[in-house]
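First comes the structure, then the notes that go with it.
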Amino acid sequence: MENFMELRIPAVSENEPFARDAVAAFCVRLNPSLDEISDVKTAVSEAVTNCIVHAYTGGEGEIRIACEAEGDTVHIRIADFGKGIEDVVRAVEPFYTTLAEEERSGMGFTIMQTFMTSFRLESVPGAGTTVYMSKRFGQAQGKAEYASGVQSKRGGSDAR
Amino acid sequence: MEVAAKVERDTLYIFLSGELDEYSAGAARAEADAVIERNIACSRVVFDLSGVHFMDSAGIGFLIGRYKRLMRCHTPAYIQSPDFAADKILSMSGIYTLIPKL
Numbered sequence: 050m051e052n053f054m055e056l057r058i059p060a061v062s063e064n065e066p067f068a069r070d071a072v073a074a075f076c077v078r079l080n081p082s083l084d085e086i087s088d089v090k091t092a093v094s095e096a097v098t099n100c101i102v103h104a105y106t107g108g109e110g111e112i113r114i115a116c117e118a119e120g121d122t123v124h125i126r127i128a129d130f131g132k133g134i135e136d137v138v139r140a141v142e143p144f145y146t147t148l149a150e151e152e153r154s155g156m157g158f159t160i161m162q163t164f165m166t167s168f169r170l171e172s173v174p175g176a177g178t179t180v181y182m183s184k185r186f187g188q189a190q191g192k193a194e195y196a197s198g199v200q201s202k203r204g205g206s207d208a209r
Numbered sequence: 012m013e014v015a016a017k018v019e020r021d022t023l024y025i026f027l028s029g030e031l032d033e034y035s036a037g038a039a040r041a042e043a044d045a046v047i048e049r050n051i052a053c054s055r056v057v058f059d060l061s062g063v064h065f066m067d068s069a070g071i072g073f074l075i076g077r078y079k080r081l082m083r084c085h086t087p088a089y090i091q092s093p094d095f096a097a098d099k100i101l102s103m104s105g106i107y108t109l110i111p112k113l
């Protein structure tokens with residue numbers, strides 16, 4: 050049987066190191082390189098930050114993190130039940146942020162897309178956001194591939 | 012996240028160590044700003060990241076925030092010794108055009 054895990058944690062920033070370290074620990078069995086594990090930790094950290102800062106805007110809420118191993122690949126799902134994203138195409142543009150005054154870089158989704166092998170975003174305003182991302186390990190020279198989902202919706206107007 | 016500082020030949024070195032994320036960035040910001048305030052006469056500021064073993068986009072926000080404060084006094088800022096992972100995220104963000112790597 051392939052391995053899996055699920056985590057439910059309150060959306061507080063103290064949980065960020067725990068969340069990314071737990072996912073990293075889950076990945077260890079898949080034999081990732083240090084660089085690959087660092088990519089995963091960074092992507093998870095970005096997703097969890099989004100839940101805390103944007104979905105629940107610093108208030109109470111729950112974050113659900115699910116991981117599943119499939120061969121040499123980890124599939125990660127990070128979900129919140131917060132306010133959702135009105136414009137997902139805009140949200141994933143590099144440097145776009147709704148919180149510029151808080152020293153936000155607007156790079157969260159760009160980092161998730163670049164550091165993971167695949168990335169997909171689903172959001173329902175008022176109901177929550179779910180990020181799906183996968184990382185295939187053992188791709189030392191592996192260039193991040195831009196995945197389906199949001200990317201394909203953006204069509205030819207690539208702002209990158 | 013720990014913030015330490017030293018002044019050498021008119022340069023303020025700010026040494027960051029630990030993990031720089033959403034959780035730690037707030038305190039790091041306050042400490043770094045206090046250090047900058049105390050050494051406002053220095054002619055340049057170098058952020059030494061050799062002790063940072065994890066950094067996400069909160070690190071970019073942190074550095075851009077300090078850069079903006081320093082620009083008000085026309086003090087140039089630099090980054091030195093990021094590890095491979097930090098360098099990857101910093102390169103990707105384009106921050107080195109504002110805060111060059113030494």
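Protein sequences, first through last, are from chains A and B.
Residue numbering for the first sequence follows the numbering used here, beginning at 50 and increasing consecutively.
Residue numbering for the second sequence follows the numbering used here, beginning at 12 and increasing consecutively.
Even for Gly, the Cβ is constructed at its ideal location relative to N, Cα and C.
As the structure is a prediction and not an experimental result, all values here were calculated from the model.
The beta strand (DSSP E) enclosing residue i, as first and last residue numbers
i	result
Met66(B)	Arg55 to Met66
Phe168(A)	Ser167 to Val173
Val210(A)	For residue 210(A) there is no data in the structure shown, the boundaries of chain A being 50 and 209.
Ala88(B)	Ala88 to Gln91
Helix, strand or coil at residue i [DSSP, three-state]
i	result
Tyr78(B)	helix
Val97(A)	helix
Val138(A)	helix
His124(A)	strand
Phe130(A)	coil
Arg153(A)	coil
Gly198(A)	With a pLDDT of only 37 at Gly198(A), under 50, the local geometry of the prediction cannot be trusted, and no value is derived from it.
Phe73(B)	helix
Phe53(A)	strand
Gln162(A)	helix
Leu148(A)	coil
Lys99(B)	helix
Sub-9 Å separation of residue i and residue j beta-carbons
i	j	result
Pro111(B)	Val63(B)	no
Val56(B)	Leu81(B)	yes
Asn64(A)	Val180(A)	no
Glu55(A)	Ile114(A)	yes
Glu171(A)	Glu117(A)	no
Ile160(A)	Glu95(A)	yes
Ile58(A)	Ala73(A)	no
Thr91(A)	Ile100(B)	yes
Ala149(A)	Gly131(A)	no
Glu152(A)	Phe73(B)	yes
Those residues which DSSP pairs with residue i across a bridge
i	result
Pro59(A)	Glu111(A)
Phe26(B)	Ala15(B) and Asp59(B)
Glu119(A)	Thr122(A)
Leu31(B)	Met66(B)
Lys112(B)	Ile90(B)
Residue-chain proximity (residue i, chain E), Cβ-Cβ < 9 Å
i	result
Met82(B)	The displayed structure is made up of protein chains A and B, and chain E is not among them.
Residue span of the alpha helix (DSSP H) that contains residue i, given as start and end
i	result
Pro66(A)	Asn64 to Cys76
- prompt: Any residues in the region 29-51 of chain B with a beta carbon nearer than 9 Å to a beta carbon of chain A? Which ones, in chain order?
  reply: If the cut-off is 9 Å between Cβ atoms, the region 29-51 of chain B has Glu30, Asp32, Glu33, Tyr34, Ser35, Ala36, Gly37 and Arg40 near chain A.
- request: Residues of the region 70-84 of chain A with a CB closer than 7 Å to any CB of chain B: list them in chain order, please.
  value: Asp84
field: Cβ-based contacts, 7 Å cut-off: residues of the region 125-157 of chain A near chain B
entry: Answer in chain order: Glu152, Arg153, Ser154, Met156 and Gly157.
task: Closer than 8 Å, Cβ to Cβ, to anything on chain B: give me those residues from the region 178-190 of chain A, in chain order.
output: none
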